[in-house]
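Contents: one structure, followed by commentary.
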Amino acid sequence: MLIKLFLFFILNIKLFVIVWCSEKNATGNEGQLIFAHVLFRHGDRTPVDPYPTDPWRDLKYWPTGWGQLTNTGKKQHYELGQWLRKRYTNLISKTYSRNEIFIRSTDVDRTLMSALADLSGLYPPTEKDIWNPDVNWQPIPVHTIPEVNDAILAAKKPCPAYDYALKKLKTSEEYTEINKKLKPIYNYLTKNSGKNVNTMTGCQYIYGCLKIEQLYNKTLPEWTSKVYPEPLATISARAFITNTYTPQLARLKFGPLLKEMLTRFQDKFNRNLDPDRKLWIYSAHDTTVSGFLNTLNLFELHNPPYTACVLVELRVINKEPFVSIFYKNTTAEPIAMNIPNCGQLCPLDEMFKIYEPVLPVNWESECRLSMLQMSYVDVEIKSTIGVAGISILLILSLLAIIIAVLLYKRHSNYHDDKWYYRIDG
424 MLIKLFLFFI LNIKLFVIVW CSEKNATGNE GQLIFAHVLF RHGDRTPVDP
474 YPTDPWRDLK YWPTGWGQLT NTGKKQHYEL GQWLRKRYTN LISKTYSRNE
524 IFIRSTDVDR TLMSALADLS GLYPPTEKDI WNPDVNWQPI PVHTIPEVND
574 AILAAKKPCP AYDYALKKLK TSEEYTEINK KLKPIYNYLT KNSGKNVNTM
624 TGCQYIYGCL KIEQLYNKTL PEWTSKVYPE PLATISARAF ITNTYTPQLA
674 RLKFGPLLKE MLTRFQDKFN RNLDPDRKLW IYSAHDTTVS GFLNTLNLFE
724 LHNPPYTACV LVELRVINKE PFVSIFYKNT TAEPIAMNIP NCGQLCPLDE
774 MFKIYEPVLP VNWESECRLS MLQMSYVDVE IKSTIGVAGI SILLILSLLA
824 IIIAVLLYKR HSNYHDDKWY YRIDG
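The sequence shown lines up with residues 424 to 848 when you count with our numbering.
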């Protein structure tokens, strides 16, 4: 009996240890945190561009201007900065150092301002950093580049191969069928908003505008009750995955950002990072957050709220590097995400293998698109320039072939004549 009780006790202890370890592994917080990437959406903003029949389209209702960060948005990011300070208090110093942190933003007012507000919460001046006792703030640099040159964060640097692949997707049988089903909603929105709506992105535009107006207690037109919040909210959420719907689209759109993060992790672990920083912050948009998560195959359909935040962290466990990813889209603590086929703690080497299909080797080269890759039917018939360009190319190609054939025959006849004369002679 005693032996049985002993064995029962041992088995229960083992079971407890297994369960405890499983719960611990589920947190993704094990090991020593040595680096973190933080990607967030900007804070609360005004509408970017109201629809034509919008009763609130007058700027007198939005004194800060279109698409601008509001005081609420500033407060939201100030509080997120305070939260980041608590989370990374053992990773970074209380005083700002360019050797510890780097902040990058898209070249848009609301994201630049969000980054600055966030930093005011993350780095309140203390001791030697206090430059004005009446101002509880210190200037910290935020870096950006024009969107047209940004292939990493804004992801708007021209990429012909991406544009071509996206166009192919939007004209595919699958998307044609989706648009066919949504046609009644498109027509309803077009009729009532005064804006031509014929895509899910068009629905997303209307939804975003209505949501902001509702947040600011603006009375919405009666016609909106038939489509807002549903089905517009669902359609809007679905629209977020379009730009990264296939591995190729994800590879060319947000593959450069993921590659930059993983490569930086590698450099950090191998002690090749110079400066040897610990935190990298990206200030961007809902499309960035959703697109990045979808590239990771971690996006669940929803509309990322203001300050939605992705944390990609590097930890060392038993002298080996591991990656964990968290998503924070509420005021609650972030959710540890399950990396596909790897779990909530994934070896860095395994991350490169898992995401190899979406990591560009040479983005510039992969973005090139030769005319030989396109068929005539792929050219947008509505574009006069496109049709003229293809027509001229075909004519020139035909002329080149004719000239080549004539030259070949002439060259061939020349040699035949010489051979004939030589034998005859």
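Even for Gly, the Cβ is constructed at its ideal location relative to N, Cα and C. What you are looking at is a predicted structure, and each value in this text was computed from that prediction instead of being measured.
query, result
"8 Å Cβ shell around Y750 - same chain, five flanking residues per side excluded", "L716, L721, A731, C732, V733, L734, P757, I758, M760"
"Continuous beta strand (DSSP E) stretch holding R464: start and end", "455–464"
"Span separating the alpha-carbon of Y501 from that of I704", "14 Å"
"Buried or exposed by the 16-neighbour rule on C-beta atoms within 10 Å, applied to W489", "exposed"
"Distance CB(T529)-CB(A707) smaller than 9 Å", "yes"
"Cβ neighbours of H566 in the same chain (closer than 8 Å, five flanking residues each side left out)", "F525, I526, R527, S528"
"Coil, strand or helix - H566 by DSSP", "strand"
"Cβ-Cβ separation, A584 to P679 (assumed contact under 8 Å), whole Å", "About 13 Å separates the two Cβ atoms, so there is no contact after all."
"Whole-Å CB distance - F688 paired with V746, under 8 Å assumed", "7 Å"
"Closest by C-alpha distance to L681, when choosing among A660, I777, K701", "I777"
"From E597, H460, T495, L702, residue whose alpha carbon lies closest to that of I635", "T495"
"Sufficient close CB pairs (3 or more, under 8 Å) joining the segment 538–554 to the segment 503–522", "yes"
"For K614, the nearest candidate out of I762, F775, P475 (CA to CA)", "P475"
"Cα-Cα separation between K604 and M623, rounded to whole angstroms", "11 Å"
"CA-to-CA distance, P473 to R738, given in whole angstroms", "45 Å"
"Beta-ladder partner(s) of S595, from DSSP", "S595 is not bridged to any residue."
"K751, enclosing beta strand (DSSP E) - first and last residue", "743–751"
"Start and end residues, alpha helix (DSSP H) containing I515", "That residue, I515, is in no alpha helix (DSSP H); it is neither H nor E in DSSP."
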